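Just so we're aligned: the sequence shown equals residues 4 to 329 in the numbering used here. What follows is a set of notes on a single structure, which appears directly below.
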Amino acid sequence: MCGGTARLLTALLVTAAMGYPSRRSATDLDATPRMTVTFDELSGVRRFSGRSLNYTTLLLEDERGMLYVGARGAVFALNASNVADGSHRTIHWEASPEKQLDCLQKGKNNKTECFNHVRFLQRLNTTHLYACGTYAFHPLCASIDADRFTLPSRFEEGKEKCPYDPSRGYTGLIVDGGLYTATRYEFRSLPDIRRNLHQRPLKTEESPLHWLNDAEFVASMLVQESKDSLVGDDDKIYYFFMERAGEETTSFFDKSQVARVARVARVCKSDLGGKKILQRKWTSFMKARLVCYIPYYEVLRSVCSLDSGGWASTVFYAAFTLSAQW
Numbered sequence: 004m005c006g007g008t009a010r011l012l013t014a015l016l017v018t019a020a021m022g023y024p025s026r027r028s029a030t031d032l033d034a035t036p037r038m039t040v041t042f043d044e045l046s047g048v049r050r051f052s053g054r055s056l057n058y059t060t061l062l063l064e065d066e067r068g069m070l071y072v073g074a075r076g077a078v079f080a081l082n083a084s085n086v087a088d089g090s091h092r093t094i095h096w097e098a099s100p101e102k103q104l105d106c107l108q109k110g111k112n113n114k115t116e117c118f119n120h121v122r123f124l125q126r127l128n129t130t131h132l133y134a135c136g137t138y139a140f141h142p143l144c145a146s147i148d149a150d151r152f153t154l155p156s157r158f159e160e161g162k163e164k165c166p167y168d169p170s171r172g173y174t175g176l177i178v179d180g181g182l183y184t185a186t187r188y189e190f191r192s193l194p195d196i197r198r199n200l201h202q203r204p205l206k207t208e209e210s211p212l213h214w215l216n217d218a219e220f221v222a223s224m225l226v227q228e229s230k231d232s233l234v235g236d237d238d239k240i241y242y243f244f245m246e247r248a249g250e251e252t253t254s255f256f257d258k259s260q261v262a263r264v265a266r267v268a269r270v271c272k273s274d275l276g277g278k279k280i281l282q283r284k285w286t287s288f289m290k291a292r293l294v295c296y297i298p299y300y301e302v303l304r305s306v307c308s309l310d311s312g313g314w315a316s317t318v319f320y321a322a323f324t325l326s327a328q329w
């Protein structure tokens, strides 16, 4: 059941909107951190550095005491309590020479792009992780045995699940075995929110109204509304991104340019798509604009959530920066 969630979107919009009279200040929120580190303690921060580059994909599993890291050509398993203790394990996952040559012949950069950049890394089930990489502009995915920490003998096609471009905005989650991702998947494709590894795959691309306008995705979050629900409400997945403004808005820094704005979108986990219209498309898609209350901080960089007592109390924290033209 997907009704009633608009109020969470509305609440998010209210707390983010600049100048809204009912907006709560940060001091009104119960924002107790899970961990506090003093400035003096920063000098003792432990560091890990392998031979790879671009350590951009992280999966922290507190209950297992593990930090999994996806990088260029490698996946690492680190001790979350001490990443520098030397106990880490490594999977080397480089793009083949043939794929690297094919990537180069397509005009891509052999210094940055023609490698396997691991962009997705999530827990698939109790025994396996699921990882996807760009693989020199030929995306592949793999189920990784978490105990043995080895790659499988066979890989899955990743073009519907992972972007070709290592610099493309991308986010993804695995929820009840379904793969929920958002990016611009192929060379000339539109930005798209998709569900794969599911008996009812869905997407937004080629929707009648072009729900996404040159979007660059930043983060995605699961909100478990079905947990302890008395009315059978459904879990939701929220996507945070920047996109070209559809409204009559110009950039503050360059009036000749259409502004890019921050958005949040939401889909229902139980969405099965339409029967006659919107077949294999989301029917629960909604989106709203996010505005940082500090003027000119327009670029959404990162988002996290804090759920201290049920889904209705979920608070999203977003980091904004100044526009690049500042």
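Yeah, the Cβ is synthetic: ideal placement off N, Cα and C, and Gly gets one too. Quantities reported herein were computed from a predicted structural model and do not represent experimental measurements.
Per DSSP, the unbroken beta strand (DSSP E) holding Gln125 starts and ends at Val121 to Arg126. The beta-bridge partner set that DSSP reports for Asn199 consists of Leu182. Around the beta-carbon of Met38, fewer than 16 other beta-carbon atoms lie within 10 Å, marking it exposed. Taking C-beta atoms as the reference points, Tyr183 and Thr137 fail to come closer than 8 Å.
For Asp148, no alpha helix (DSSP H) run applies; the uninterrupted beta strand (DSSP E) run containing it begins and ends at Leu143 to Asp148, by DSSP. Taken atom to atom, the span from the alpha-carbon of Arg269 to that of Asp238 is near 10 Å. Excluding five sequence positions before and after Leu275, the CB atoms of its chain that fall closer than 7 Å to its own CB belong to Arg203, given in chain order.
When the alpha-carbon of Gly313 is set against those of Thr286, Ala265 and Asp231, the nearest one is in Asp231. For Cys106, the enclosing alpha helix (DSSP H) starts and ends at Pro100 to Gln108. Of Arg50, Arg247, Tyr299 and His91, the smallest CA-CA separation from Ala322 is found for Tyr299. Residue pairing by DSSP places Val221 in no beta bridge whatsoever.
Counting along the chain, the unbroken beta strand (DSSP E) around Glu246 starts and ends at Lys239 to Arg247.
When the alpha-carbon of Lys272 is set against those of Ser287, Lys278 and Arg283, the nearest one is in Ser287. According to DSSP, His95 shares a beta bridge with Ala77.
When Cβ pairs closer than 8 Å are counted between the two stretches, the segment 171 to 179 is seen not to touch the segment 142 to 154, the count staying below three. When the five nearest sequence neighbours on each side are left out, the beta carbons in the same chain lying within less than 6 Å of the beta carbon of Gly277 are those of Thr286, in order along the chain.
Sequence-distant Cβ neighbours of Ser84 in its own chain, meaning closer than 7 Å and more than five residues away, are Gly68. Put simply, the backbone Cα of Leu225 is about 39 Å away from that of Leu104. Under the three-state reduction of DSSP output, Leu193 falls in the coil class, being neither helix nor strand. Less than 8 Å divides the Cβ of Lys284 from the Cβ of Leu205. Rounded to the nearest angstrom, the Cβ distance from Cys117 to Tyr133 is 24 Å, too far for a contact under 8 Å. Taking the C-beta atoms as reference points, Ser55 is found nearer than 8 Å to Ala77.
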